[in-house]
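Notes to accompany the following structure.
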Amino acid sequence: MRRLRLAVAGTALFGPMLLGQAGPYERQKVDVAAAKRGSALYAQYCINCHGAAARGTETAPDLIRSALVLRDRLGSELGPALQRLPPHNAALSSGQVTDLTHFLKQQLEATARNRNPAAPPNVLTGDAQMGRTYFEGAGGCTKCHSATGDLAGVGRRYQPMDLQQRFLFPRSTKPVRATVTPASEPAVTGEIVKIDDFDISLTDSSGQYHAWTRGPNLRVEIEDPLRQHHEMLDRYTDREIHNVVRYLETLK
Amino acid sequence: MKPLLILTAAVCCFGQAFLDPAKLLQPPTDSWPTYNGDYSGRRFSPLKKINQANVGGLTLAWVRRTVVAGRQAGGGTNAAVIKGTPIVINGVMYYTIPDHAWAIDARTGREIWHYEWPSKGGWHIGNRGAAAWRDTLYFETPDCNLVALNMGNGKERWHTSICDLEQFYYASVAPVVIREHVITGVSGDDLDIPGYIESHNARTGMLEWRWYAHPEPGTPEATTWPSVEAMMHGGGMTWVPSTYDPGLNLMYFGTGNPQPVIAGQGRAGSNLYTESIIALNPDSGKLAWYFQPSPHDTHDWDAVQTPVLFDADIDGKPRKLLAQASRNGWFFVLDRATGEHILTSEFVKTNWTLGVDAKGQPRLNPAKQPKPDGALVSPNQGGAINWPPPSYSPDTGLFYANAALAWSVYYLYDQDDKPEGWGGNDRSGYSEAMVQAIDAKTGKIRWSHKWPGNGGGARSGLLSTAGGLLFAGDTNSNLVALDPANGNPLWHAGLHTPLTNGPITYELDNTQYVVVGAGDTLYAFAIR
Numbered sequence: 273m274r275r276l277r278l279a280v281a282g283t284a285l286f287g288p289m290l291l292g293q294a295g296p297y298e299r300q301k302v303d304v305a306a307a308k309r310g311s312a313l314y315a316q317y318c319i320n321c322h323g324a325a326a327r328g329t330e331t332a333p334d335l336i337r338s339a340l341v342l343r344d345r346l347g348s349e350l351g352p353a354l355q356r357l358p359p360h361n362a363a364l365s366s367g368q369v370t371d372l373t374h375f376l377k378q379q380l381e382a383t384a385r386n387r388n389p390a391a392p393p394n395v396l397t398g399d400a401q402m403g404r405t406y407f408e409g410a411g412g413c414t415k416c417h418s419a420t421g422d423l424a425g426v427g428r429r430y431q432p433m434d435l436q437q438r439f440l441f442p443r444s445t446k447p448v449r450a451t452v453t454p455a456s457e458p459a460v461t462g463e464i465v466k467i468d469d470f471d472i473s474l475t476d477s478s479g480q481y482h483a484w485t486r487g488p489n490l491r492v493e494i495e496d497p498l499r500q501h502h503e504m505l506d507r508y509t510d511r512e513i514h515n516v517v518r519y520l521e522t523l524k
Numbered sequence: 007m008k009p010l011l012i013l014t015a016a017v018c019c020f021g022q023a024f025l026d027p028a029k030l031l032q033p034p035t036d037s038w039p040t041y042n043g044d045y046s047g048r049r050f051s052p053l054k055k056i057n058q059a060n061v062g063g064l065t066l067a068w069v070r071r072t073v074v075a076g077r078q079a080g081g082g083t084n085a086a087v088i089k090g091t092p093i094v095i096n097g098v099m100y101y102t103i104p105d106h107a108w109a110i111d112a113r114t115g116r117e118i119w120h121y122e123w124p125s126k127g128g129w130h131i132g133n134r135g136a137a138a139w140r141d142t143l144y145f146e147t148p149d150c151n152l153v154a155l156n157m158g159n160g161k162e163r164w165h166t167s168i169c170d171l172e173q174f175y176y177a178s179v180a181p182v183v184i185r186e187h188v189i190t191g192v193s194g195d196d197l198d199i200p201g202y203i204e205s206h207n208a209r210t211g212m213l214e215w216r217w218y219a220h221p222e223p224g225t226p227e228a229t230t231w232p233s234v235e236a237m238m239h240g241g242g243m244t245w246v247p248s249t250y251d252p253g254l255n256l257m258y259f260g261t262g263n264p265q266p267v268i269a270g271q272g273r274a275g276s277n278l279y280t281e282s283i284i285a286l287n288p289d290s291g292k293l294a295w296y297f298q299p300s301p302h303d304t305h306d307w308d309a310v311q312t313p314v315l316f317d318a319d320i321d322g323k324p325r326k327l328l329a330q331a332s333r334n335g336w337f338f339v340l341d342r343a344t345g346e347h348i349l350t351s352e353f354v355k356t357n358w359t360l361g362v363d364a365k366g367q368p369r370l371n372p373a374k375q376p377k378p379d380g381a382l383v384s385p386n387q388g389g390a391i392n393w394p395p396p397s398y399s400p401d402t403g404l405f406y407a408n409a410a411l412a413w414s415v416y417y418l419y420d421q422d423d424k425p426e427g428w429g430g431n432d433r434s435g436y437s438e439a440m441v442q443a444i445d446a447k448t449g450k451i452r453w454s455h456k457w458p459g460n461g462g463g464a465r466s467g468l469l470s471t472a473g474g475l476l477f478a479g480d481t482n483s484n485l486v487a488l489d490p491a492n493g494n495p496l497w498h499a500g501l502h503t504p505l506t507n508g509p510i511t512y513e514l515d516n517t518q519y520v521v522v523g524a525g526d527t528l529y530a531f532a533i534r
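As given, the protein sequences belong to chains A and B, one line each in that order. Basically my numbering = 1-based index in the first sequence + 272. Basically my numbering = 1-based index in the second sequence + 6.
Structure, rendered in structure tokens:
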């Protein structure tokens with residue numbers, strides 16, 4: 273079975289006549305081992321002109337943005353081009369050309385996905401002492417938080433980028449609560465299950481579910497434990513953010 | 007018997023499926039014949055059978071759920087998501103998801119025909135809808151084809167390629183028909199490829215012209231790029247259907263983000279014609295004027311939101327105007343004959359500008375460009391508004407935007423002199439969603455209705471009517487009718503999931519219908 277499948281795949285990929293026909297469109301699947309061999313070939317034969325990242329130089333074009341490379345399947349375009357275009361005098365075997373395409377496709381696929389970082393960025397660029405001053409002073413953080421209490425060890429628990437994100441956009445450990453007061457009934461306080469312009473529902477401390485239709489005679493007071501965090505977004509400077517993250521990171 | 011049956015079918019369906027081109031020039035009543043209802047992009051209906059006095063009686067007329075197999079269902083998942091605005095012609099509704107089109111009875115939701123395109127691939131993020139010319143229906147497929155169907159029976163007439171899958175393009179836009187031109191846009195921003203817009207002959211599909219979202223090398227606008235190479239790979243996708251002024255014979259659309267998307271250090275300059283409002287002659291594809299809402303964008307704030315056409319007196323003089331509430335949080339009004347700037351204002355709080363320049367374009371704050379250690383920015387990548395269509399009511403003079411105040415941190419990942427692709431991204435964030443009613447003559451916020459609860463933008467389009475109603479989806483799963491004068495909620499219906507398209511309305515046999523798409527389902531409402 274395995275040999276048969278390979279043969280079919282080979283026909284589909286190498287037969288340019290088949291590429292234009294109906295059926296699923298597939299990009300070349302990168303063979304990692306072949307891409308590694310291709311990388312060595314690239315460094316030997318191509319890198320001087322096409323650049324370290326195959327993004328081109330003044331003397332040779334970008335191969336990631338190359339329509340020829342994009343259309344290539346296992347050397348179908350690259351092989352003839354290497355023979356046709358004058359400066360390419362390396363005598364590469366068809367197997368080596370295929371390895372080279374796996375390397376180029378690997379670079380191309382990485383580019384198409386580079387909205388995700390290859391490695392976490394370094395967000396520890398601030399000043400820890402200034403971060404502490406802000407934390408204890410102008411930031412007002414100590415009104416609710418303590419470096420030796422709820423935030424003790426926070427620098428150990430989170431990677432710096434997650435620390436930055438959680439400081440700016442905390443995930444609530446306390447739910448949003450509301451107190452609902454109907455016109456002639458006692459008020460109920462609890463966690464909001466759902467709220468829109470028309471209805472509100474709560475779960476009270478005993479786990480009982482309550483629901484009301486909203487209207488002029490129903491008073492709804494919302495208590496968002498993160499309200500101050502939301503309001504701070506319009507006040508922080510990026511410098512203050514970096515300083516605070518650097519400080520929080522020291523709370524091991 | 008057989009020939010007779012065929013003859014009957016032909017007569018019935020030709021009559022039922024024929025779009026009178028004059029319909030495209032009038033505000034919609036018994037039809038909704040194009041993405042925005044008419045060419046103006048206002049999504050304002052003169053219908054008032056459903057109005058403030060009786061909207062309380064608005065009730066479910068029919069429901070139609072869309073069930074199809076496989077990943078051709080849209081949204082990148084296997085569940086169908088109706089993002090397109092249906093069109094309605096002679097009592098028949100046509101709607102799409104990626105690779106699929108249906109004709110259904112606009113009175114009952116009953117299926118008349120279903121067409122499935124045999125897909126070769128492409129990104130199935132969504133399909134924004136279909137367009138019609140006489141008895142032909144057109145829609146784009148994720149694998150880069152423009153398909154023409156017989157509106158009577160759903161059989162294919164022809165198809166033609168409009169982009170190259172190999173270069174990571176795909177197609178999602180609703181075409182627009184202007185006389186015998188079918189105008190198509192393209193999508194895709196994984197790699198550094200140029201955006202463009204095309205015109206195809208409505209009868210044959212033949213390419214008539216292509217306009218690239220970059221200047222010609224050697225022109226003054228080309229100096230907004232550091233090199234021809236950067237310019238030719240500079241992005242500017244055409245994600246949203248055009249509006250059109252038949253008197254001026256100009257079509258208007260916005261262009262998307264420049265490439266590389268986030269890492270902009272290799273493309274110094276304002277990067278024309280990305281992030282621009284563009285006016286073209288639809289017969290020649292020739293540029294009449296441009297205006298750039300987001301010069302040198304590095305936040306993925308496609309300026310593709312519908313350019314809405316309206317007329318008003320400015321300084322005592324009648325003007326033909328165009329307005330866009332742009333994804334970057336700013337509202338622009340231009341003279342649509344000349345592109346002359348009239349006003350610029352903020353419609354949600356943003357933090358990325360140093361004010362506005364002499365041309366009315368926001369001036370970038372370099373501190374709010376994406377940074378290796380992060381920059382806190384409003385709006386986030388999702389934007390202060392996204393592709394869902396806004397509405398303008400000539401009765402109130404207000405421009406309505408289903409907007410968001412949204413914060414996130416933008417990171418630069420690729421610090422190379424020549425980054426490619428995205429090279430960065432934003433992450434996480436906090437947002438509040440609201441409908442903003444913007445005075446179209448002054449840019450001032452007349453009223454703001456915040457949707458209760460935090461998080462998420464409402465991804466619903468808007469519809470205003472002469473019945474004094476503004477239909478919107480909230481951040482829960484409600485279809486809501488607001489008072490367009492003050493934003494007070496007047497009516498609602500709870501659906502199974504939030505709205506995913508723009509609401510439409512039409513009147514058949516003295517019954518006015520309001521139809522919305524929510525996930526895989528179309529809901530129709532009427533007063534019985």
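Just so it is clear, CB atoms sit at the ideal spot from N, CA and C, and this is done for glycine as well.
Helix, strand or coil at residue i according to DSSP, with G and I counted as helix
i	result
Gly403 of chain A	helix
Arg113 of chain B	coil
His514 of chain A	helix
Ile319 of chain A	helix
Arg491 of chain A	strand
Phe439 of chain A	helix
Phe337 of chain B	strand
Leu313 of chain A	helix
Ala120 of chain B	The question names Ala, but residue 120 of chain B in the sequence shown is His. Three-state result, His120 of chain B: strand.
Pro497 of chain A	coil
Asp434 of chain A	helix
Met238 of chain B	helix
Leu340 of chain A	helix
In DSSP terms, what residue i is bridged to
i	result
Asp471 of chain A	A:Thr485
Asp319 of chain B	B:Pro324
Ser348 of chain A	Paired residue(s): none; Ser348 of chain A is not in a bridge.
Arg433 of chain B	B:Val415
Glu162 of chain B	B:Leu155
Ser51 of chain B	B:Thr471
Asn408 of chain B	B:Val441
Lys466 of chain A	A:Ser473
Asn484 of chain B	B:Gly500
Glu146 of chain B	B:Leu152
Beta carbon of residue i nearer than 8 Å to that of residue j
i	j	result
Phe338 of chain B	Pro378 of chain B	no
Gly328 of chain A	His374 of chain A	no
Asp480 of chain B	Asp469 of chain A	yes
Ile93 of chain B	Gly158 of chain B	no
Thr142 of chain B	Ile103 of chain B	no
Phe150 of chain B	Gly128 of chain B	First, the amino acid is wrong: residue 150 of chain B is Cys here, not Phe. Their beta carbons are under 8 Å apart, which means Cys150 of chain B touches Gly128 of chain B by this criterion.
Ser205 of chain B	Trp245 of chain B	no
His239 of chain B	Asp198 of chain B	yes
Ile513 of chain A	Gly459 of chain B	no
Ile284 of chain B	Leu293 of chain B	yes
Residue i classed as buried or exposed, judged by whether at least 16 other C-beta atoms fall within 10 angstroms
i	result
Cys416 of chain A	exposed
Lys161 of chain B	exposed
Ala390 of chain B	buried
Lys374 of chain B	buried
Gly409 of chain A	exposed
Glu521 of chain A	buried
Thr229 of chain B	exposed
Met212 of chain B	exposed
Ile12 of chain B	Bear in mind that a pLDDT of 40 at Ile12 of chain B, under 50, signals an unreliable position, so the number given afterwards is only what the model happens to contain. It counts as exposed.
Residue i: contacting residues in chain D (beta-carbon distance under 9 Å)
i	result
Ala325 of chain A	The displayed structure is made up of protein chains A and B, and chain D is not among them.
* Asked: What runs of the beta strand (DSSP E), each 3 residues or longer, lie entirely inside the segment 164-217 of chain B?
  -> 182-184, 187-191 and 202-207
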